[in-house]
Amino acid sequence: MNMTKNLLQIALLGHPVLRKKAQRVKSIKERAVQSLIDDLIYTVMDANGVGIAAPQVYRSLQIFIMASHPNERYPNAPEMPATPVINPKITHYSEETELDWEGCLSMPGVRALVPRSKTIKVTFQDREGNKHCDEYEGFIARIFQHEYDHLNGLVFFDRLDSLKDIYMEKEYKKIISTHKLVRYDIIC
Ligand code: NI
C-alpha cells in the first residue's frame, strides 16, 4: 500500500479552476479520492492554514478540509481534528452576519474583512461516505462558508461589502497589533 503523502501545489487567483463549479464526488471510497483527502490534509497543515478546498489544488471536486487549530498565527482558533467535508450543502444561512478577517492560500499576502453568516446549517458526507447534518457558528461557520464558496467558484473578494475592506498583510498586521478588532483571522 502506498502511504506517501504529497504536498500539493496551490492554485492562485486568476487560474480558471478557482472559478469553476466543482463536481460531486460519486465514489468516496475510491483510492484516488482517499489519497487526495490525505494530501489535502498534509498540504493545509504544512501551509498552517485552517482550511483548503480541492479546487485550490487544481482538482475540481466537492471536497474540502476544515482544520481549525490554535497556532502562532491563530492563537484563539478552536481545536478540531482535520475534518474532510465531501459533497456539502449549506441548507441555512443565519440572517445575522459578522465581519472578520480572512486570508486565502490562493491569495497570499492579502487579507480582508469579510461578512459571513454567524450560524449555518449544513449537510455533508465524511470520508467513509456517512451523511452528517450539523450546525456551526462563529469561526468554524466562517471556515465552512469560505471553503464552500471555493466549491462554487467564489473567493472572499466576491463577498465583500466594500473593496475598501481589502488590506495587504503588512498593513493588516499593523492594524491588529494596535487595535483589538480581531478575535480570529483565518487563512483557507
Ligand atoms: Ni481560500
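The opening position of the sequence shown corresponds to residue 12 in the working numbering, with each subsequent residue numbered one higher.
Where a beta carbon is used, it is the ideal one built from N, C-alpha and C, also for glycine.
**Message:** Considering Cα atoms alone, identify which of Q67, V36, K37, S38 is closest to D50.
**Reply:** Selected option, being the one with the closest Cα: Q67.
**Asked** If you count every other CB in all the chains shown that lies within 10 Å of the CB of E158, and 16 or more means buried, which is it?
**Response** Burial call: buried.
**Asked** Hey, Y69 and K16: beta-carbon distance below 8 Å or not?
**Response** No. Outside cutoff.
**Message:** Nearest by alpha-carbon distance to C199: which of F135, D57, G62 is it?
**Reply:** The residue with the shortest Cα to Cα distance from C199 is G62.
**Prompt:** For the stretch 123-139 against the stretch 19-28, are there 3 or more C-beta pairs whose distance is under 8 Å?
**Reply:** The stretch 123-139 makes no contact with the stretch 19-28, as fewer than three CB pairs between them are under 8 Å.
**Request:** Enumerate in chain order the residues of its own chain whose CB-to-CB distance from T94 is below 6 Å, with the five nearest sequence positions on each side excluded.
**Result:** The beta carbon of T94 is closer than 6 Å to those of M77 in its chain, skipping five residues each way along the sequence.
**Prompt:** Is I21 helix, strand or coil by DSSP?
**Reply:** The three-state reading of DSSP puts I21 in coil, since its state is none of H, G, I, E or B.
**Item:** In chain order, each beta strand (DSSP E) run of at least 3 residues that lies wholly inside the stretch 93-181
**Value:** DSSP runs (the beta strand (DSSP E)) wholly in the stretch 93-181: 94-104, 108-114, 121-128, 130-136, 142-148, 177-179.
**Message:** Taking the beta carbon of L174 as the centre, do at least 16 other beta carbons fall within 10 Å, making it buried, or is it exposed?
**Reply:** With fewer than 16 other Cβ atoms within 10 Å, it is exposed.
**Request:** Count the other CB atoms, across all protein chains shown, that sit within 10 Å of the CB of P119; report buried if there are 16 or more and exposed otherwise.
**Result:** An exposed status is given to P119, since fewer than 16 other beta-carbon atoms sit within 10 Å of its beta-carbon.
**Request:** Assign Q20 to buried or exposed, taking buried as 16 or more other Cβ atoms, counted over all protein chains shown, within 10 Å of its Cβ.
**Result:** Flag for Q20 reads exposed.
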